[in-house]
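The block underneath contains the structure these notes are about, expressed in structure tokens.
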Amino acid sequence: MTIVFFINLTCFGKRNDGVLVGAASRELYGHKAICGKKYKIKCINADYKTNRNPCKVENEVVVTMVDYCPGCKGNHIDLSKHAFDSIAHLSAGRIKIEFQLL
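As structure tokens, this is what we get:
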């Protein structure tokens with residue numbers, strides 16, 4: 001997962017869905033089927049070579065899926081800065097997660 005900034009355009013236009021939002025890969029997006037759905041995202045560990053754990057004590061967040069991430073593949077989800085920062089240190093940039101549709 002990477003942290004990105006996006007403008008909630010793909011699913012609902014310029015509707016304000018708050019700051020806890022995500023964008024899904026093509027595989028998850030499913031021709032807008034994911035739009036508006038809520039997912040519980042849990043930080044589980046770092047994704048790269050470091051052994052430092054980037055997860056915060058409160059390592060879960062519920063996000064609303066509002067966008068499509070064209071550069072993402074597989075079970076990849078991009079989070080808004082606020083959502084990412086609520087579960088992991090921003091300096092990590094990329095983390096491993098578990099996610100569940102609510």
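Read in full-length UniProt numbering, the sequence shown has 25 at position 25, and its numbers run on one by one without any break. Just so it is clear, CB atoms sit at the ideal spot from N, CA and C, and this is done for glycine as well.
Exercise. Report yes if the CB atom of valine 66 is closer than 9 angstroms to the CB atom of alanine 33, and no otherwise.
Key: no
Quiz item: Where isoleucine 41 and asparagine 75 are concerned, what is the direct C-alpha to C-alpha distance, given to the nearest angstrom?
Solution: 12 angstroms
Practice problem: Output the residue ranges of the alpha helix (DSSP H) runs that lie fully inside the UniProt domain "Expansin-like EG45" (21-102) and measure 4 residues or longer, sorted by chain position. | Solution: Runs found: 26-29 and 81-87.
Quiz item: Among Val61, Pro70 and Val21, which one has its Cα closest to the Cα of glycine 30?
Solution: Here the closest residue by C-alpha is Pro70.
Self-check item: Alpha-carbon spacing of phenylalanine 84 relative to glutamate 58, whole angstroms
Solution: Those two C-alpha atoms are separated by around 11 angstroms.
Quiz prompt | threonine 10 beta carbon less than 9 angstroms from that of cysteine 35 | solution = yes
Practice problem: Give every residue of the same chain whose Cβ lies closer than 6 angstroms to the Cβ of serine 86, excluding the five residues on either side of it in the sequence, and list them in chain order. | Solution: Val61
Quiz item: In whole angstroms, what is the alpha-carbon distance linking threonine 2 and arginine 94?
Solution: Because threonine 2 carries a pLDDT of 46, less than 50, the predicted location of this residue cannot be relied on, and no value is offered for it.
Quiz item: Rounded to a whole number of angstroms, what is the C-alpha to C-alpha distance between tyrosine 39 and leucine 79?
Solution: C-alpha of tyrosine 39 to C-alpha of leucine 79: approximately 11 angstroms in a straight line.
Quiz item: Around the C-beta of leucine 90, are 16 or more other C-beta atoms found within 10 angstroms, so that it is buried, or is it exposed?
Solution: exposed
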